[in-house]
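Scroll down for the structure; my scribbles are underneath it.
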Amino acid sequence: MSDIHVVILAAGKGTRMKSELPKVLHPVAGKALLDRVLETAGALKPSTITIVVGHGADLVLQRYRNRNDVRFVVQEPQLGTGHALLQTEPLLRGQSGTVILLSGDVPMLRSKTLGDLVAAHGEAGAAATVLTARLERPYGYGRIVRSHGRIARIVEERDATPAQREIREINSGIYAFAAERLFDALAAIGPENAQGEYYLPDLVAIYRRQKRPVATCLVSDPVEIRGINSRTELAEVSRMVRQQKNEELMAAGVTIVDPATTYVDSNVEVGADTVIHPCVFLEGTTRIGAACEVHAGSRIVNSTIGDRVVIRNYSVITDATVENGARVGPFAHLRPGAAIGADAHVGNFVELKKATLGPGSKANHLAYIGDAKIGARVNVGAGTITCNYDGVAKHETVIEDGAFIGSNSTLVAPVTVGQGAYVAAGSAVTTDVPAGALGIGRGRQENKPGWADKRRESSKTPT
Ligand code: UD1
Ligand code: CA
Numbered sequence: 002m003s004d005i006h007v008v009i010l011a012a013g014k015g016t017r018m019k020s021e022l023p024k025v026l027h028p029v030a031g032k033a034l035l036d037r038v039l040e041t042a043g044a045l046k047p048s049t050i051t052i053v054v055g056h057g058a059d060l061v062l063q064r065y066r067n068r069n070d071v072r073f074v075v076q077e078p079q080l081g082t083g084h085a086l087l088q089t090e091p092l093l094r095g096q097s098g099t100v101i102l103l104s105g106d107v108p109m110l111r112s113k114t115l116g117d118l119v120a121a122h123g124e125a126g127a128a129a130t131v132l133t134a135r136l137e138r139p140y141g142y143g144r145i146v147r148s149h150g151r152i153a154r155i156v157e158e159r160d161a162t163p164a165q166r167e168i169r170e171i172n173s174g175i176y177a178f179a180a181e182r183l184f185d186a187l188a189a190i191g192p193e194n195a196q197g198e199y200y201l202p203d204l205v206a207i208y209r210r211q212k213r214p215v216a217t218c219l220v221s222d223p224v225e226i227r228g229i230n231s232r233t234e235l236a237e238v239s240r241m242v243r244q245q246k247n248e249e250l251m252a253a254g255v256t257i258v259d260p261a262t263t264y265v266d267s268n269v270e271v272g273a274d275t276v277i278h279p280c281v282f283l284e285g286t287t288r289i290g291a292a293c294e295v296h297a298g299s300r301i302v303n304s305t306i307g308d309r310v311v312i313r314n315y316s317v318i319t320d321a322t323v324e325n326g327a328r329v330g331p332f333a334h335l336r337p338g339a340a341i342g343a344d345a346h347v348g349n350f351v352e353l354k355k356a357t358l359g360p361g362s363k364a365n366h367l368a369y370i371g372d373a374k375i376g377a378r379v380n381v382g383a384g385t386i387t388c389n390y391d392g393v394a395k396h397e398t399v400i401e402d403g404a405f406i407g408s409n410s411t412l413v414a415p416v417t418v419g420q421g422a423y424v425a426a427g428s429a430v431t432t433d434v435p436a437g438a439l440g441i442g443r444g445r446q447e448n449k450p451g452w453a454d455k456r457r458e459s460s461k462t463p464t
């Protein structure tokens, strides 16, 4: 067990987000802010992780109820960042080692940087070490005030003098603290500032007064400590995170024709030599194999795609699987539970839900296939519909290997079309078709010779 205790502050309202959802649950490239911070923190192998919640606490607790490696304390009311950390006292007082304080709204921090902070803190033997950054535009951040080169205190934007506002070195809001006597010092923070809040950064001045050593650790890439306070910042950070993801994929051998319009969530995997065309969305836990082609306008969510698969334009695929060599689209809709076998073809305006299409089978045009098991080498003609719903319950359609379903057939489930059987075009199939048989379920055509000519004759107006 390490001697590190992580505390994540996530109680603030996030006023500028103007949201019902707590700020830390907003997603960036498919992953909530808090998930990202937890992932970064996890790399330190901390012995405990404590999250301070307040605004929207119920939703946060609900979301992480299955994680037994994190604990929560509720801060109510929210009186500032110093007050927030003080709430962890019942859990952390008496601990030795280091408390690492993170903000739930700073999602781009790398674990390497956190490691550097821990190392710097240890080397300095400091009571507190502040992770700082140098920014061209430091507006809004707490400024690092130094005297004789050493950090003296931190002033918030609102409390800063015009001269202090010129300081470019800012407080990232991320710190390492010696656990020892931390809570005594926190209790000494007062609310004497423009916001009337208990500011955690005031700890720096308190420690300096007590002659306890305070250090700083400068992050080399300030982008990492970008916080999210508004929807604009959410979009900006999301764009940067996606760009990083695209660069990782390209470095691993994926062609991305236009990274600016390719939206890939952080957990998505894509194999080498796959080509992703513009305006493609790959979301959630999607996995795409090697040498695939995903054409423009497609959206793939939580789905598994094999190797050498072609997804043509404007296909929407959710919670589905597509095996090696299959072709899907354009304009195909694979809904949850759709499973497309190897080398199968799904064409335009074909929708599958909770249905398997066996290897080498084809449903090339305008079909609805729901609650169905379709075997290998089946041909599903244009306009075929499985009537899976009787108004009360769903029923299953089974089409065995090698069967041929003529165009514009309706298969009224529950029904089975046996191996190698044929269904005549335009049939309403209401009873099983045995293997090898032809099922015809429609009125027989009758031709009336001369009927049309006679009709024209009789409708001629008399002169
Ligand atoms: C804070 C720092 C500022 C720093 C900046 C970096 C203070 C007073 N200022 O400012 O020096 O430059 O972060 O991003 O700390 N929170 C609580 N309870 C509260 C208040 C806040 O849990 O009572 C949480 C928020 O949910 C958020 C984090 O603490 O996750 C930071 O709070 P926020 O209000 O965003 O602080 P900043 O104004 O950004
Ligand atoms: Ca903030």
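My numbering numbers the first residue of the sequence shown as 2 and each following residue consecutively.
We treat Cβ as the ideally placed atom computed from N, Cα and C, and that holds for glycine.
Computed from a predicted model, the values in this text were never measured in an experiment.
Could you compute how far the alpha carbon of Gly15 sits from the alpha carbon of Gly55? Rounded to whole angstroms, the gap between the alpha carbons of Gly15 and Gly55 is 11 Å.
At a cut of 8 Å, does the stretch 55–64 reach the stretch 281–297 through at least three beta carbon pairs? Judged by Cβ distances under 8 Å, the stretch 55–64 makes no contact with the stretch 281–297, as fewer than three pairs qualify.
Please name the residue in Ala373, Thr385, Glu401 whose C-alpha comes closest to that of Lys395. Answer by Cα proximity: Ala373.
Taking 6 Å as the limit between beta carbons, can you name the residues of its chain near Leu439, skipping five residues before and five after? Only Tyr423 meet the Cβ criterion.
Would you mind reading off the limits of the beta strand (DSSP E) that contains Glu170? Its beta strand (DSSP E) spans residues 170–179.
Integer-rounded CB distance, given that Ile341 should sit under 8 Å from Val317: Actually they do not touch by this definition, with Cβ atoms about 14 Å apart.
Status (buried if at least 16 other CB within 10 Å, exposed otherwise) for Ala273: In the assembly as shown, Ala273 is an exposed residue. Its beta-carbon has fewer than 16 other beta-carbons within 10 Å.
Delimiting residues of the alpha helix (DSSP H) encompassing Ser112: That run of the alpha helix (DSSP H) goes 112–125.
Mind checking whether the beta-carbon of Gly57 lies closer than 7 Å to any heavy atom of ligand 1? No.
Pop quiz: Val25 and Asp106 are said to be a contact at Cβ under 8 Å. What is the actual Cβ separation, rounded to whole angstroms? With a beta-carbon spacing of about 6 Å, Val25 and Asp106 fall inside the 8 Å limit used to define contacts.
Under 7 Å: does the beta carbon of Glu167 sit that close to some heavy atom of ligand 1? No; taking the cut-off as 7 Å, the Cβ of Glu167 has no heavy atom of ligand 1 nearer than that.
Go through its chain and collect everything with a Cβ distance to Asn247's Cβ below 7 Å, but skip five positions before and after it. So the qualifying residues of the chain are Ile257, Pro260, Thr263, Val265.
Exposure of Arg243, with buried meaning 16 or more beta-carbon neighbours within 10 Å: Classification for Arg243: buried.
Got a sec, what are the start and stop residues for the alpha helix (DSSP H) Glu90 sits in? Bounds of the alpha helix (DSSP H) holding Glu90 are 90–93.
By how many angstroms is the C-alpha of Gly361 removed from the C-alpha of Lys449? CA-CA distance, Lys449 to Gly361, rounds to 42 Å.
How far does the alpha helix (DSSP H) with Glu352 in it extend, from its first residue to its last? No alpha helix (DSSP H) holds Glu352; the beta strand (DSSP E) holding it covers 346–358.
Please tell me whether Val29 and Leu250 are closer than 8 Å, where the distance is taken between their beta carbons. Taking the C-beta atoms as reference points, Leu250 is found no nearer than 8 Å to Val29.
Are Val7 and Ile152 touching if we call contact CB-CB under 8 Å? The answer is no: Cβ separation not under 8 Å.
Gly330 beta carbon less than 8 Å from that of Ile312: Against a cut-off of 8 Å, the Cβ pair of Gly330 and Ile312 comes out as a contact.
Using CA atoms only, rank isn't needed, just tell me which of Ala321, Asn303, Val434, Leu367 is closest to Phe332. Distance from the Cα of Phe332 is smallest, within the candidate group Ala321, Asn303, Val434, Leu367, for Leu367.
Neighbour-count burial assignment, Glu193, 16 or more Cβ in a 10 Å radius: Exposed, because fewer than 16 other Cβ atoms sit within 10 Å of the Cβ of Glu193.
Does Tyr199 pass the burial test, meaning 16 or more other C-beta atoms within 10 Å, or should it be called exposed? With 16 or more other Cβ atoms from the protein chains shown falling within 10 Å of its own Cβ, Tyr199 counts as buried.
Run through DSSP, which three-state label would His278 get? Here His278 sits in coil by DSSP.
Arg151 bridges to which residues according to DSSP? DSSP output for Arg151 lists Ser148 as bridge partner(s).
Distance check for Pro91 and Asp4, CA to CA, integer angstroms please. For Asp4 and Pro91, the gap between their C-alpha atoms comes out near 18 Å.
Does ligand 1 have even one heavy atom less than 7 Å from the beta-carbon of Asp106? In terms of side-chain proximity, the C-beta atom of Asp106 is found nearer than 7 Å to a non-hydrogen atom of ligand 1.
Would you say the beta carbon of Pro202 is closer than 7 Å to some non-hydrogen atom of ligand 1? Yes; taking the cut-off as 7 Å, the Cβ of Pro202 has a heavy atom of ligand 1 nearer than that.
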